[in-house]
Amino acid sequence: MNLRAIILDDEPLSLTGMERLLRRQGVDVRGAFSDPQEALLRAEELAPDVAFVDIEMPGMNGIAAAERLLARLPDVQIVFVTAYDQYAVNAFDLNATDYLLKPVQTKRLETTLARLASRVAKPSGADGPSGRRGVSTLCCFLRLSVMDGEERAQDIPWRTSKAKEVFAYLLHMRGRAVSKDALIDLIWPEMDLVKAQTHLHTTVYQIRQTVKGLSLPVKISFVDGGYRLEMNGVSVDADVWERKLASLIDKAPPPGDELERWMQLYRGDYFEQEGYLWAEQERERLRMKWLESALRFAGELGARAWNSVAYTLLTNVIARFPSVQESYELLMRMYHRQGKAQEVRRTYAQLREALREEAGEEPDVNIAAWYDTHYGRG
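Right, dumping it as structure tokens:
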């Protein structure tokens, strides 16, 4: 395979020397640039398979240039070229294909080109875990995960917890650009700025590689000095859940099968397992929306007869919100209509125990009066 390459190096001798070495190896050098900005402007036109990038360049260093290049060409392979061995570790932290030390040796370059040829030859997504094709939905409820076309939720193999959190935050922002400074303040607040910027570039690169391995069509774009997650048709379970809720509210009572689907979508609270502090406001908003809706639907369904969907809703409310008295009252009235006195008594006892544990309180006077009227003093 004839590799297509571009070279970024601010030193003229190094630039021409690298170009000469690559051409001798049969590489199609599409462009050699001393100005990273020019390389970025022409990158999509030149469509390289690989970019050989000098790390130490004035103005925009090689790590920043590589990150911006990947924003335009997510599949391009990066090979860092440096005179300083200390940068080798940084290169692999960025998950680059390889690094080369100056002066570049022919034998070492041949090894790199062989590695590149094998990577470029692989079809897109070939490195992704099996069974992860056709991703249609990103999940925020309970934990960050993906759901494929068969509605199977699967965890994402993040390289670091920081990569996971940056992606989660960009997903949380839903298409709005987030500045680099804002991400650094959020994820690396105590770190030296220069070091934090390097970590951010590395993390964004790792995210792009992970997303590519999943064959997930979302894309991180670099816009106006910040990052934006473009969804490209991929849904978010929280958004699907809210749209379904809006459609159910117009139907009284809502159809049981549609309501069950709505219940299944809410697998847990918003980023519940991750516990991100920045998600707390949205987590609480959705929790309250779920609670109010569950009580409303349960009341509508169970107002006249026993209803299994209403029962499931109410038991879920009690499990999540043990001190919300309305759920116990609705459940007791459903049992009462069925003549299940023992279940009414058991539910009332459960209510009293929950309230005493939470705040040392007794049931609401209206609930207590209803219970006393039908089942004697509690």
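The opening residue of the sequence shown carries number 14 in the numbering used here; numbering runs sequentially from there.
All C-beta atoms in this analysis are idealised placements derived from N, C-alpha and C, irrespective of residue type, glycine included.
On a predicted model such as this, the values are computed, not experimentally measured, just so you know.
- In the assembly as shown, Met-301 is an exposed residue. Its beta-carbon has fewer than 16 other beta-carbons within 10 Å.
- Taking each of His-214, Val-94 and Gln-338 in turn and checking the Cα distance to Met-31, the smallest one comes out for Val-94.
- Annotation for Ala-382: the continuous alpha helix (DSSP H) segment containing it runs 378 to 388.
- With a threshold of 16 other beta carbon atoms within 10 Å, Pro-61 meets it and is buried.
- In this structure Leu-304 is in contact with Val-330, their Cβ atoms being roughly 6 Å apart against a cut-off of 8 Å.
- Only buried fits Tyr-182, as 16 or more other CB atoms lie within 10 angstroms of its CB.
- When secondary structure is reduced to three states using DSSP, Ala-45 falls in the strand class.
- Rounded to whole angstroms, the separation of the alpha carbons of Val-322 and Glu-293 is 29 Å.
- Beta-carbon to beta-carbon, Leu-21 and Val-66 are separated by about 5 Å, close enough to satisfy the 8 Å threshold.
- Burial check for Arg-359: the Cβ neighbour count within 10 Å stays below 16, so the residue is exposed.
- By the CB criterion at 7 Å, His-212 and Glu-80 fall outside the cutoff.
- Annotation: Arg-280 to Arg-121 spans about 51 Å, alpha carbon to alpha carbon.
- With 16 or more neighbouring CB atoms inside 10 Å of its own CB, His-185 falls in the buried class.
- Minimum Cα-Cα distance from Arg-36 among the listed residues Ser-47, Lys-208, Arg-17 and Leu-53 corresponds to Arg-17.
- The Cβ-Cβ distance between Asp-23 and Met-73 does not fall below 7 Å.
- Looking at the DSSP output, Leu-21 sits in a beta bridge with Phe-46 and Val-66.
- A Cβ-Cβ separation of about 6 Å places Ala-166 in contact with Cys-152 under the 8 Å criterion.
- Collapsing the DSSP output to three states places Glu-287 in coil.
- DSSP places Glu-356 in the helix class (H, G or I) of the three-state scheme.
- In this structure, the CA atom of Glu-51 is about 13 Å from the CA atom of Arg-43.
- Separation of Ser-228 and Asp-198 (C-alpha to C-alpha, rounded to the nearest whole angstrom) is 30 Å.
- For Ile-197, there is no enclosing beta strand (DSSP E); the residue is found in the alpha helix (DSSP H) stretching over 193 to 200.
- Distance from the Cα of Ile-19 is smallest, within the candidate group Leu-26, Gln-90 and Glu-123, for Gln-90.
- DSSP lists Val-92 as the beta-bridge partner residues of Asp-111.
- The DSSP-derived three-state label of Met-160 is strand.
- Between Leu-278 and Asp-237, the C-beta gap is not smaller than 7 Å, which leaves the two residues out of contact.
- Where Asp-270 is concerned, the enclosing alpha helix (DSSP H) starts and stops at 269 to 278.
- As DSSP reads the structure, Gly-239 sits in a beta bridge with Ser-192 and Val-236.
- From the listed residues Phe-235, Ser-27, Ser-260 and Asp-161, the smallest Cα separation to Arg-85 is found for Phe-235.
- Judged by pairs of C-beta atoms under 8 Å, the region 255 to 262 does not touch the region 201 to 211, as fewer than three such pairs exist.
- Taking the C-beta atoms as reference points, Ile-220 is found no nearer than 7 Å to Phe-284.
- Less than 7 Å divides the Cβ of Leu-126 from the Cβ of Gln-38.
- Non-local beta-carbon contacts of Arg-55 in its own chain, meaning distances under 7 Å to residues more than five positions away in sequence, involve Gly-44 in chain order.
- Measuring C-alpha to C-alpha distances from Val-224 to each of Arg-172, Val-337 and Pro-268 identifies Arg-172 as the nearest.
- A straight line joining the alpha-carbon of Arg-241 with that of Ala-195 spans about 12 Å.
- Nearest in C-alpha terms to Ala-318, of all of Ser-174, Met-347 and Val-337, is Met-347.
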